[in-house]
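Chemist: Handing you this structure, nothing more for now.
Numbering (the working numbering), first residue to last: 17 to 337.
See the structure below:
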């Protein structure tokens with residue numbers, strides 16, 4: 017498979033997963049800000065921290081804006097000058113899809129192209145202003161449709177493997193970032209958080225990963241911080257957990273890099289190591305979900321860099337379009 021095509025497949029997968037994750041986080045944080053007694057800064061600053069945008073946002077809008085939910089949402093949803101915003105990431109996904117039009121199906125292309133055109137329209141701006149829930153739901157449903165069409169309308173061969181590899185590595189990193197939101201809420205210089213509010217934060221994190229119902233089935237309605245963290249990090253049967261995503265990424269990379277070839281060896285070794293570490297980690301002894309989440313974020317980023325270097329011939333940066 018041509019490296020350029022593989023590169024665009026990989027980044028197409030990463031971008032559509034990134035759109036989904038940012039949309040989930042903004043949607044759930046909006047509800048959290050309305051339903052709890054947290055200050056605006058306790059709700060919204062962690063979102064900027066885990067997205068890596070706090071320094072840039074503060075420089076543009078000032079420290080006082082860190083608690084302004086409307087400014088944070090507009091910055092992370094609609095700002096075309098923000099690389100991680102929803103509309104910018106949709107545009108990047110569409111550009112990569114256009115570059116691999118010969119390997120994706122018509123249905124997948126139409127879905128991502130329609131989402132892009134809608135996101136650039138006045139209709140989307142109006143819906144954002146008048147129906148924020150509908151705005152976020154429209155984006156999530158389009159991404160979920162795109163992922164479903166990838167599975168049902170593409171040949172299950174190398175292009176799909178590269179797309180799925182990108183999806184799963186991005187998902188592992190983004191889920192770890194979402195878990196880390198809790199750490200940044202609790203360590204923010206603000207009034208102490210009551211237990212009932214902390215429980216609400218954990219439930220919000222579950223909802224941001226579509227994990228509320230699966231968690232309740234596993235734990236019979238009992239909610240605690242350690243059990244939620246363990247579920248999102250280590251539950252192998254939950255498709256949005258870090259462990260499930262890392263293991264699925266390992267399977268994809270092993271299919272793409274069989275033992276008979278040398279390309280991808282270092283990336284695969286690191287991914288195998290991360291998978292083994294998560295598999296052997298005891299769910300009853302997570303002393304710091306922050307440390308584990310931070311390790312997953314840094315390790316998945318390093319694995320993506322290795323993949324870019326070994327398989328695509330660059331340092332793992334975003335694919336050029």
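All C-beta atoms in this analysis are idealised placements derived from N, C-alpha and C, irrespective of residue type, glycine included.
If you count every other CB in all the chains shown that lies within 10 Å of the CB of residue 192, and 16 or more means buried, which is it?
Modeler: With 16 or more other Cβ atoms within 10 Å, it is buried.
Chemist: Are the segment 238-247 and the segment 170-180 in contact at 8 Å, needing three or more beta carbon pairs?
Modeler: The segment 238-247 vs the segment 170-180: no contact.
Chemist: In its own chain, which residues sit with a C-beta less than 8 Å from the C-beta of residue 392, not counting the 5 before and 5 after it?
Modeler: Examination of residue 392 is not possible in this model, given that the chain is present from 17 through 337 alone.
Chemist: Please give me, in chain order, every unbroken run of the beta strand (DSSP E) with length at least 3 that falls completely inside the segment 279-319.
Modeler: Those beta strand (DSSP E) runs which fall completely within the segment 279-319 and span 3+ residues do not exist here.
Chemist: Taking all protein chains shown into account, decide if residue 199 is buried (16 or more other Cβ within 10 angstroms of its Cβ) or exposed.
Modeler: Residue 199 should be labelled buried.
Chemist: Answer yes if the segment 120-139 comes into contact with the segment 98-107, meaning at least three C-beta pairs across the two stretches below 8 Å, and no otherwise.
Modeler: Touching, yes, given that three or more Cβ pairs across the two stretches are closer than 8 Å.
Chemist: Beta-carbon within less than 7 Å of residue 41's beta-carbon, same chain only, minus the 5 sequence neighbours each way: which residues are those?
Modeler: These residues qualify, in order along the chain: 63, 194, 224.
Chemist: Measure the C-alpha to C-alpha separation of residue 262 and residue 180 and round it to an integer number of angstroms.
Modeler: C-alpha separation (whole angstroms): 11 Å.
Chemist: Once DSSP output is grouped into helix, strand and coil, what is the label at residue 17?
Modeler: Coil, per DSSP.
Chemist: Looking at the structure shown, is residue 136 part of a helix, part of a strand, or coil, going by DSSP?
Modeler: Correct three-state label for residue 136: coil.
Chemist: With three or more beta-carbon pairs closer than 8 Å as the criterion, would you say the segment 48-68 touches the segment 116-123?
Modeler: No, they do not touch.
Chemist: When we look at the beta-carbon of residue 97 and count the other beta-carbons within 10 Å, is it buried (16 or more) or exposed?
Modeler: Its Cβ having fewer than 16 others within 10 Å, residue 97 is exposed.
Chemist: Looking at residue 213 and residue 54, is the spacing between their C-beta atoms short of 8 Å?
Modeler: The answer is yes: Cβ separation under 8 Å.
Chemist: Check residue 336 in the structure and name its three-state DSSP category.
Modeler: Caution applies to residue 336, whose pLDDT of 43 falls short of 50 and renders its modelled position unreliable; the value that the coordinates give is listed next. It is coil, neither helix nor strand.
Chemist: Quick check: residue 159 and residue 66, are their CB atoms within less than 8 Å of each other?
Modeler: Not in contact: residue 159 and residue 66 (Cβ atoms no closer than 8 Å).
Chemist: Is it buried or exposed for residue 129, if we count other Cβ within 10 angstroms and need 16 for buried?
Modeler: That one is exposed.
Chemist: Taking contact to mean at least 3 C-beta pairs separated by less than 8 Å, is the segment 248-262 in contact with the segment 279-296?
Modeler: Flag = yes, the segment 248-262 and the segment 279-296 touch.
Chemist: To the nearest angstrom, how far is the alpha carbon of residue 187 from that of residue 265?
Modeler: Each residue's alpha carbon lies about 10 Å from the other.
Chemist: Provide the residue span of the alpha helix (DSSP H) that contains residue 219, from first to last.
Modeler: Per DSSP, residue 219 belongs to the alpha helix (DSSP H) from 211-224.
Chemist: For residue 167 and residue 330, what's the separation of their Cα atoms in angstroms?
Modeler: Straight-line Cα distance between these residues: approximately 28 Å.
Chemist: Can you check which of these residues, 155, 182, 18, 201, is closest to residue 58 by C-alpha distance?
Modeler: The option with the nearest alpha carbon to residue 58 is 201.
Chemist: Mind checking residue 256: buried by the 16 CB within 10 Å criterion, or exposed?
Modeler: Classification of residue 256: buried, given that the 10 Å Cβ count is 16 or more.
Chemist: Quick check on residue 304: buried or exposed, where buried means 16 or more other Cβ atoms within 10 Å of its Cβ?
Modeler: The residue in question, residue 304, is exposed, as its Cβ has fewer than 16 Cβ neighbours within 10 Å.
Chemist: Expressed to the nearest angstrom, what Euclidean distance is found between the alpha-carbon atoms of residue 112 and residue 163?
Modeler: Residue 112 and residue 163: Cα-Cα distance of roughly 15 Å.
Chemist: Note down the Cα distance separating residue 17 from residue 156, rounded to an integer number of angstroms.
Modeler: Taking the straight line joining both Cα atoms gives about 31 Å.
Chemist: Please identify the residue among 289, 318, 72, 196 whose C-alpha is closest to the C-alpha of residue 99.
Modeler: Among 289, 318, 72, 196, the Cα nearest to that of residue 99 belongs to 72.
Chemist: Spatial neighbours of residue 228 within its chain, please: CB distance less than 6 Å, with the 5 preceding and 5 following residues excluded, ordered by chain position.
Modeler: So the qualifying residues of the chain are 222.
Chemist: Ends of the alpha helix (DSSP H) at residue 62?
Modeler: Run containing residue 62: 56-66, per the alpha helix (DSSP H) assignment.
Chemist: Going by beta carbon distance, what residues of the same chain come within less than 6 Å of residue 316, once the five residues before and after it are set aside?
Modeler: Excluding sequence neighbours, residue 316 sits near 185, 188, 189.
Chemist: Out of curiosity, what's the CA-to-CA distance linking residue 149 and residue 219?
Modeler: So the two alpha carbons sit approximately 18 Å from each other.
Chemist: Can residue 328 be considered in contact with the ligand NAD, in the sense that its beta carbon sits closer than 7 Å to one or more heavy atoms?
Modeler: Summarising the ligand content, the structure contains no ligands, and the ligand NAD is consequently not present.
Chemist: Should residue 337 be labelled buried (16 or more other beta-carbon atoms within 10 Å of its own) or exposed?
Modeler: Unreliable positioning characterises residue 337 in this predicted model, as indicated by a pLDDT of 44, which lies under 50. A coordinate reading is not provided.
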